[in-house]
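Counting along the sequence shown from 1, when you hit position 175 you're at 180 in our numbering, and nothing is skipped either side. Beta carbons: idealized from backbone N, C-alpha and C, even for Gly.
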Amino acid sequence: MHLPSGTTEREAIDVEAPYPGETLGSVPTHTETDVEKATERAADAQESWADRSFEGRAAVVKRYHDLVLDHQDELLDLVQRESGKSRRAAYEEALDVAITSRYYAYHGEDHLESRRRRGALPLLTKAVEHHHPVGVVGIIAPWNYPLTLAVSDAIPALLAGNSVVLKPAEETPFTALLAVKLLREAGLPEDVLQVVTGYGSTIGPPLIEQSNFLMFTGSIETGKTVARQAGANLTKCSMELGGKNPLVVFDDADLAKTTEGAIRGCFTNAGQLCISLERCYVQSGVRDEFERRFVAAVEDLDLGTSLDYEPDVGSLASADQLAKVKSHVADAREKGATVLTGGEARPDVGPYFYEPTVLADVTPEMTVASEETFGPVVALYEFHSTGEAIERANDSDRGLNASVWTADSERGHAVAERIECGTVNINEAYVAAWGSVASRPGGHPEVHRVPDGRRTARGPARRAAWCPRASLREGDDGRAARNEADSWASVRPQVTALRQFRCEQRDAFVPGPRNFCRA
């Protein structure tokens, strides 16, 4: 679709719809040569694109914002068919892309403006920091958020004057292709954004080698490989990898709001979310009551396949994901864990459905205690003191996101300061930090770039900053971002009111700037 076919016959990759488990279509397996051609075309087009005024580039992105809203039903249908997620989860992707586009189109120029810096000798020397495009930005996107993670990183890169070569996940390429089609309808020159489809093991290395900057979202194991390859080529890169994220509930928390937040934090996108909460620590005074409320709420969740907003939880994305979830739960059962609810696959609903599952009596030797399940499974634990809660929340090498619930704001912030994660939300599961504008790391989870997907050993979390010389650096205050929200209802607009974001809500739910410029 985006590369000349030439004379080389390419093998087709079948794309499966998780439900009903049938082939949705196929895309070509591009080659190393295809990546080279795509990168060359992107590089050739980049200079003229960068020569446009910012207003000219922003006009394209503003039109794209409107097209995303105009075509949201088409996008949501495709996201659902390709990934298996519920429409509610798919809607968050369309919201993300629309508002990311709107925010950067209006505020991106502020991030790019030249800044006067203190010279070596006052009055005698003058220092000015300028920002220039890095060139070709490579994006390797995952399957779990096929619209958001394919396009939301591309938008600021394009507005900064870069060109992009995008490799979508082989499991979910059609969503990315439709998103790119809309960008071209908005006026983006074709060669400025290239798409290559195929297997990461084949086309990932040449994309890393030939890009001037790389965005990667995926597993820790693959992230290490990508980092080694990027380092060998001195390619700057920014990554978001896995998490084994904690939720902490104190005995003064509003249990009704906490339960609602925990449901979203644990089971959005069937748990296939990097910032999903998989470890839930509840203070002893409310342990039994929270368990009762939480389990009842989980059992009330509706699994379904329809292309509407009725089902709460959709399908897992593949047979491999289902096998992993089943394996983690089976291992926990065999080693003595108690299944409070769920714990079974649901082939009666769809081939890859798995019940939202709550475990108790989980011990360290169980796989589910430390490895990321990436599915609708959460373990409940009890704690007695604040110190114990902090220690147990930090007992993981995968600190990406955390959630703290308490009526005592002062305690909430004090605890958040000591939890070693990229972001910590107070009285919210993930939205407050995910949608932050002003605070670093700011914005969506893909901004929380950790060098190897882990926190530093007993040290402060690391994350990306808008730094002209390094894509990974310690934050200004050496601490993770802390955000507070009362409830999901206070921040999420009604589905039917999405179009008001064209004007009224353009600064809500937007990411902080990526580092797509060089000094």
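Write down the C-beta distance between residue i and residue j rounded to the nearest angstrom, noting that I regard them as a contact closer than 8 Å.
i: Gly143; j: Val170; result: 5 Å
i: Thr372; j: Gln215; result: Rounded, the Cβ-Cβ distance is 38 Å, inconsistent with contact.
i: Pro138; j: Gln199; result: Wrong, their Cβ atoms sit about 16 Å apart, outside the cutoff.
i: Trp54; j: Ser168; result: 6 Å
i: Val420; j: Thr391; result: 6 Å
i: Thr180; j: Ala155; result: 7 Å
i: Ala335; j: Val367; result: That belief does not hold up - the Cβ atoms of Ala335 and Val367 are roughly 13 Å apart, past 8 Å.
i: Ala275; j: Lys131; result: The pair is not a contact, with the Cβ atoms about 56 Å apart (cut-off 8 Å).
i: Glu387; j: Arg292; result: 5 Å
i: Cys271; j: Val383; result: 4 Å
i: Ser31; j: Ala17; result: 4 Å
i: Glu425; j: Asn406; result: About 12 Å; that fails the 8 Å criterion.
i: Val197; j: Leu164; result: About 11 Å; that fails the 8 Å criterion.
i: Glu134; j: Phe59; result: Going by Cβ atoms, the distance from Glu134 to Phe59 rounds to 17 Å, so no, they are not a contact pair.
i: Leu81; j: Tyr96; result: 6 Å
i: Lys172; j: Gly140; result: About 17 Å separates the two Cβ atoms, so there is no contact after all.
i: Val363; j: Val300; result: 6 Å
Name the DSSP bridge partner or partners of residue i?
i: Glu214; result: The partner list for Glu214 (beta bridge, DSSP) is empty, contrary to what the question assumes.
i: Phe272; result: Phe272 pairs with nothing; no bridge assigned.
i: Gln541; result: What is shown of the chain runs 6 to 524, which leaves residue 541 out entirely.
i: Asp19; result: Ser31
i: Cys242; result: Leu219
i: Ser168; result: Val141
i: Tyr359; result: Ala350
i: Val382; result: Thr362
i: Ala132; result: Arg122
i: Asn399; result: Asn399 pairs with nothing; no bridge assigned.
i: Gln277; result: Answer by DSSP bridge pairing: none, since Gln277 is not bridged.
i: Leu188; result: Paired residues: none, contrary to the question.
i: Pro25; result: DSSP, once it has assigned bridges, lists no residue as partnering Pro25.
i: Val254; result: Val287, Trp410
i: Leu198; result: Val169
i: Thr343; result: Ala365
Quick check: is the beta carbon of residue i nearer than 7 Å to any beta carbon in chain D?
i: Pro178; result: Included in the structure is just one protein chain, with no chain D present.
Nearest to residue i by CA position, among the options, is which residue?
i: Gly526; options: Leu80, Lys249, Lys340, Leu306; result: This structure cannot settle anything about residue 526, because the visible part of the chain is limited to 6 through 524.
i: Ala337; options: Glu370, Gly392, Gly319; result: Glu370
i: Leu72; options: Leu219, Arg57, Leu100, Asp259; result: Leu100
i: Arg1; options: Gly248, Tyr150, Glu60, Ala132; result: With the chain covering 6 to 524 only, the question about residue 1 has no answer from this structure.
i: Ala437; options: Ile395, Ser408, Leu212, Pro25; result: Ser408
i: Leu212; options: Gly427, Val429, Lys42; result: Lys42
i: Leu327; options: Glu422, Thr428, Pro381; result: Pro381
i: Glu360; options: Gly248, Thr273, Gly205, Ala110; result: Thr273
i: Gly26; options: Asp39, Asp325, Arg233, Thr38; result: Asp325
i: Trp410; options: Asp259, Ala237, Thr368; result: Asp259
i: Asp256; options: Ala394, Ala132, Val354, Lys340; result: Ala394
i: Val185; options: Tyr204, Ile208, Thr153; result: Thr153
i: Leu182; options: Thr202, Val197, Glu339, Gly166; result: Thr202
i: Arg403; options: Tyr386, Glu422, Phe388, Gly427; result: Gly427
i: Arg15; options: Ala22, Val363, Glu37, Glu21; result: Glu37
i: Arg62; options: His116, Thr34, Leu29, Gly166; result: Gly166
i: Ile145; options: Val40, Ile18, Leu29; result: Val40
i: Ala174; options: Ser401, Arg397, Tyr24, Thr34; result: Thr34
i: Asn432; options: Ala261, Ile104, Pro161; result: Ala261
i: His4; options: Leu187, Gly440, Val363; result: A query on residue 4 cannot be resolved here, the shown segment of the chain reaching from 6 to 524 and no further.
i: Ser332; options: Gly355, Phe299, Ala374; result: Ala374
i: Phe295; options: Arg233, Ala365, Glu195, Leu74; result: Ala365
i: Arg121; options: Thr177, His136, Val354; result: His136
i: Arg298; options: Val330, Leu345, Leu282; result: Leu345
i: Glu283; options: Ala110, Ala434, Ser106; result: Ala434
i: Tyr109; options: Ala48, Pro147, Ala64, Val141; result: Ala64
i: Val354; options: Asp19, Tyr24, Val20; result: Tyr24
i: Arg46; options: Glu195, Glu339, Glu304, Asn430; result: Glu195
i: Glu176; options: Asp19, Arg423, Ser401, Glu396; result: Asp19
- Query: Should the region 62-81 be regarded as contacting the region 183-194, the criterion being three or more beta carbon pairs within less than 8 Å?
  - Reply: yes
- Query: Touching or not, the region 224-239 and the region 264-279, by the rule of three or more beta carbon pairs under 8 Å?
  - Reply: no
- Task: Would you mind listing the alpha helix (DSSP H) stretches within the region 281-333 that are 4+ residues and don't spill past its ends, in chain order?
- Result: 292-304
- Query: Pairing CB atoms from the region 241-255 with CB atoms from the region 206-223, are three or more of them under 8 Å?
  - Reply: yes
- Does the region 413-428 come close enough to the region 308-323 that 3 or more CB-CB pairs lie under 8 Å? no
- Does the region 285-292 touch the region 317-334, meaning 3 or more C-beta pairs lie closer than 8 Å? no
- Message: Under 8 Å, with one C-beta from each stretch per pair, do the region 79-97 and the region 108-127 reach the 3-pair mark?
- Response: no
- Message: Runs of 4 residues minimum, wholly inside the region 70-110: which ones carry the alpha helix (DSSP H) assignment?
- Response: 77-88
- Message: Contact between the region 340-354 and the region 247-259 is defined here as three or more beta-carbon pairs at a separation below 8 Å; is this criterion met?
- Response: no
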